[in-house]
Amino acid sequence: MFENTLVVIKGAGDIATGVGRRLFRCGFPLVMTEQLQPTPVRRTVAFAEAVYKGETTVEGVTARLIEDPAHVYSTLREGHIPIIPDPEAHIIRVLNPKVVVDAILAKKNLGTAKSNAPIVIGLGPGFTAGKDVHAVIETNRGHNLGRVILNGSAEPNTGVPGVVNGYGSERVLRSPADGAIVPIREIGDFLLKGDVIAVVEGEPVVAPFDGTLRGLVHEKVTVFKGMKIGDVDPRASREHCYTISDKALAISGGVLEAILSHRHVITE
Numbered sequence: 001m002f003e004n005t006l007v008v009i010k011g012a013g014d015i016a017t018g019v020g021r022r023l024f025r026c027g028f029p030l031v032m033t034e035q036l037q038p039t040p041v042r043r044t045v046a047f048a049e050a051v052y053k054g055e056t057t058v059e060g061v062t063a064r065l066i067e068d069p070a071h072v073y074s075t076l077r078e079g080h081i082p083i084i085p086d087p088e089a090h091i092i093r094v095l096n097p098k099v100v101v102d103a104i105l106a107k108k109n110l111g112t113a114k115s116n117a118p119i120v121i122g123l124g125p126g127f128t129a130g131k132d133v134h135a136v137i138e139t140n141r142g143h144n145l146g147r148v149i150l151n152g153s154a155e156p157n158t159g160v161p162g163v164v165n166g167y168g169s170e171r172v173l174r175s176p177a178d179g180a181i182v183p184i185r186e187i188g189d190f191l192l193k194g195d196v197i198a199v200v201e202g203e204p205v206v207a208p209f210d211g212t213l214r215g216l217v218h219e220k221v222t223v224f225k226g227m228k229i230g231d232v233d234p235r236a237s238r239e240h241c242y243t244i245s246d247k248a249l250a251i252s253g254g255v256l257e258a259i260l261s262h263r264h265v266i267t268e
């Protein structure tokens, strides 16, 4: 039904992956772009991991690294999502997709415009529906999460992570220094408060409370002091580390709605 509706998704972190997997499962051909050195924390549910590993699978859907836009359609025919290192998303001009989704979650617009495609969707704050994109999807946890906005913007960035089991900003692990990160524990490990998770230039990163290590940046990432490098989940569910989150599912549903509500574009 949607085989001629090519989608380009900018970004391949865990939220973008939720969007990509849902659209792919619904029959949309798509390609995802990423940085040369992706920095997602929830790597076990981020197609960005394919940049490091060559390919990665999230809930039964596999993303495969490509180096040339010419390989997009052959990868799709093989049943995989192509992901290409393309920080500036030059592939948009090469492929002329019908849909562009900016899922970088930079909290600001890094160059996405309505002229990029017949349908352009921005996730979260930094975009204005009707001005630089056709639709905005709310990404802030709460009553409006996943809502499609056709006029105006998403809620402003609070800078405060959502509260889970009473823990908010404490859930986020930040680098104590500039330099290389040496992981000690793996995503999915159960942690006790005070356990050393990683070391950055000799300085330890410790678990702030008992829980599960839900995310940790790749060891090839060069980190800086204060950078978000990990995430501890107090719910202590290992399964959560390998499945798409409720937040990503809600947002991906909003993206699907925004696309389908423009049927006149995708059926031309």
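The opening residue of the sequence shown carries number 1 in full-length UniProt numbering; numbering runs sequentially from there.
From the three backbone atoms N, C-alpha and C, an ideal C-beta is built for every residue, glycine too.
Quick caveat: nothing in here was measured; it's all calculated off a predicted structure.
Alpha carbon to alpha carbon, what distance is there between residue j and residue i?
i      : j      : result
Phe209 : Arg174 : 15 Å
Lys220 : Val172 : 20 Å
Ala248 : Ile15  : 5 Å
Glu239 : Arg43  : 14 Å
Lys193 : Pro234 : 11 Å
Pro40  : Ile266 : 31 Å
Spatial neighbours of residue i within its chain, please: CB distance less than 7 Å, with the 5 preceding and 5 following residues excluded, ordered by chain position.
i      : result
Phe47  : Ala12, Thr17, Gly20, Met32, Thr56, Val58, Ala63, Ile81, Ile83
Phe190 : Thr212, Ala236
Leu76  : Pro29, Pro82
Tyr52  : His218, Lys220
Just to confirm before moving on: does the CB-CB distance between residue i and residue j stay below 8 Å?
i      : j      : result
Ile187 : Gly215 : yes
Val99  : Ile259 : yes
Ala113 : Asp132 : yes
Val223 : Val232 : no
Val164 : Ile184 : no
Gly253 : Gly146 : yes
Pro97  : Pro125 : no
Val45  : Tyr242 : yes
Val7   : Val101 : yes
With a threshold of 6 Å on Cβ separation, who are the neighbours of residue i within its own chain once the five nearest residues in sequence on each side are excluded?
i           : result
Val35       : Reading off the sequence, residue 35 comes out as Gln, not Val. Closer than 6 Å at Cβ, skipping near neighbours: Pro87.
Pro69       : Ile91, Val94
residue 323 : Limits of the chain in this structure are 1 at one end and 268 at the other, which puts residue 323 out of reach.
Val205      : Leu173, Ile197, Ala198
Would you please state the rounded distance, in angstroms, between the beta carbons of residue i and residue j? I believe it to be under 8 Å.
i      : j      : result
Arg228 : Pro176 : Checking the sequence, you will find Lys at residue 228 rather than Arg. That belief does not hold up - the Cβ atoms of Lys228 and Pro176 are roughly 13 Å apart, past 8 Å.
Glu138 : Ala117 : At roughly 21 Å, the Cβ-Cβ gap does not stay under 8 Å, so Glu138 and Ala117 are not in contact.
In its own chain, which residues sit with a C-beta less than 8 Å from the C-beta of residue i, not counting the 5 before and 5 after it?
i      : result
Ser169 : Val160, Pro161
Lys108 : Pro125, Gly126
State yes or no: is the beta carbon of residue i nearer than 8 Å to at least one beta carbon in chain B?
i     : result
Val19 : Looking at the structure shown, chain B is missing, and only one protein chain is on hand.
Which parts of the segment 63 to 131 are runs of the alpha helix (DSSP H), unbroken and 4 residues or longer, counting only runs that do not cross its ends?
72 to 77, 91 to 95
Report the residue ranges of all beta strand (DSSP E) runs contained in full by the segment 121 to 196; include only those spanning at least 3 residues, in chain order.
135 to 137, 172 to 174, 179 to 183
Enumerate, from N- to C-terminal direction, the unbroken beta strand (DSSP E) stretches of 3 or more residues contained entirely within the segment 4 to 54.
7 to 10, 30 to 34
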